[in-house]
């Protein structure tokens, strides 16, 4: 029996998909990429914000046109299970995240030709990233309960995965030849907080990864109030750690941060980014929300001043999305959509200028790049470097070489051209 999977959303969702793929493989299903060849199609959905929900629903309805057995899982199902079961009866099975422990039992109802064995397991995944790259999830859920965010409603309370399981995963990836290890969770910097003995924390994970010869060890999703001096010093002492700090702050102004139920204030952010800039070759990425209820034009102007002061290498902006079940859903002083769009453009215009200026200062720098693809039309390679996260959001690194290169090669290259987001490099001949 052939099964195809469509995975939407973030890297954490990708890991859930890899667990499902492993389960299917262990039960002798054939995994196919062409929906026309599939007997069953599974859609792993995102339900975080309005745009993600729309994409998920569009995908479901598009998939139903294939007239195959259709299974829908993931965050959208967790949030809207009853509504989906009622409104889309054409779907054969909906599985919310809370029911993942009995995925096999539920899936068995659709399968007549075999008896399914085993369960979904965090340490059994069919890796879908290229051989040189792997995601390491270290926890799930979130306790921060930001007033705009649905993640605690979807993923539940924060829980760290056992350190020995994580250590085993790191070793497995190293032995498989993975060169870029990407450490993720909903709240990466909080790892170990819920352990009774407090024996392990995020620094323990990094130290474990440093035992192996990864070219890149990168963290994503760090909360500002959880970044300790011990953490920062570890980066200063270990240049093998990729000094890429992805720290979503959402805003800079105290009353907005308070209404968002963010931990810490503007002073904490100012002190933190000053410290992070002391790490050699540090790269700062953040995420902001504009149009939050009660935000004023003065707040946006101050936010622009803040980003111009701390000059983030990469910055993303969301327009506030009013999400059912969150505290801010019932807030008064909602900002009109047109005004959200204007404020979004204001901040993105400022960031474009900042990004361009920072990239221009990099001209002539020599960086380490790992080759990931080749474009025959442009006769250029693309690659991974310290400057960009692997999600293609930050920008791209294009590499030109007079000698042929192989996927996975690590080379030194000089930055010879830079735009707002992308850079061009030439390989330094050895």
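In the UniProt record's numbering, the protein residues as written are 1 to 430. Beta carbons: idealized from backbone N, C-alpha and C, even for Gly.
Verify whether the separation of the beta carbon atoms of residue i and residue j is less than 7 Å.
i	j	result
residue 183	residue 136	yes
residue 317	residue 344	yes
residue 189	residue 202	yes
residue 158	residue 187	yes
residue 138	residue 166	yes
residue 277	residue 242	no
residue 163	residue 200	yes
residue 59	residue 41	no
residue 286	residue 247	yes
residue 283	residue 363	no
residue 382	residue 396	yes
residue 412	residue 366	yes
residue 73	residue 95	yes
residue 433	residue 133	An answer regarding residue 433 cannot be provided, because it is not within the stretch 1 to 430 covered by the chain.
residue 360	residue 418	yes
residue 230	residue 410	no
residue 315	residue 351	yes
residue 151	residue 142	yes
residue 266	residue 252	yes
residue 422	residue 416	no
residue 78	residue 97	yes
Secondary structure at residue i, three-state DSSP: helix, strand or coil?
i	result
residue 373	strand
residue 238	coil
residue 425	strand
residue 291	coil
residue 417	strand
residue 314	strand
residue 274	helix
residue 113	coil
residue 104	helix
residue 230	helix
residue 179	coil
residue 283	strand
residue 246	strand
residue 169	helix
residue 304	helix
Once the 5 residues before and after residue i are set aside, which same chain residues still bring their CB inside 6 Å of it?
i	result
residue 35	4, 41 and 66
residue 320	289, 291 and 292
Enumerate in chain order the residues of its own chain whose CB-to-CB distance from residue i is below 7 Å, with the five nearest sequence positions on each side excluded.
i	result
residue 222	188, 189, 245, 246 and 247
residue 329	322 and 323
residue 279	232, 235, 236 and 243
Less than 8 Å between C-beta atoms, sequence neighbours within five positions excluded: which residues of the same chain meet that for residue i?
i	result
residue 30	1, 2 and 3
residue 192	160, 163, 198, 199, 200, 201, 202 and 204
residue 63	6, 35, 41, 43 and 70
Counting only C-beta atoms, is residue i closer than 7 Å to chain B at any point?
i	result
residue 157	This model lacks chain B altogether, as it is built from one protein chain only.
Problem set entry | Entirely enclosed beta strand (DSSP E) segments - the segment 185–226, minimum 3 residues | 216–219
For this session: Could you tell me which uninterrupted beta strand (DSSP E) segments, each at least 3 residues in length, are contained entirely in the segment 124–167, listed from first to last along the chain?
Result: 133–137
For this session: Kindly confirm or deny that the segment 330–346 and the segment 291–309 touch, where touching means at least three C-beta pairs closer than 8 Å.
Result: yes
Exercise. Mind pulling the alpha helix (DSSP H) runs of 4 or more residues that sit fully within the segment 328–390?
Worked result: 337–361
Exercise. With a cut-off of 8 Å, do at least 3 Cβ pairs link the segment 248–259 to the segment 293–303?
Worked result: yes
Exercise. Are the segment 44–51 and the segment 1–19 touching, with three or more C-beta to C-beta distances below 8 Å?
Worked result: yes
Problem set entry | Those runs of the beta strand (DSSP E) which lie wholly inside the UniProt domain "MTTase N-terminal" (1–112) and span at least 3 residues | 2–7, 40–45, 69–74 and 93–95
For this session: Could you say if the segment 313–329 and the segment 263–277 meet the contact criterion of at least three C-beta pairs nearer than 8 Å?
Result: no
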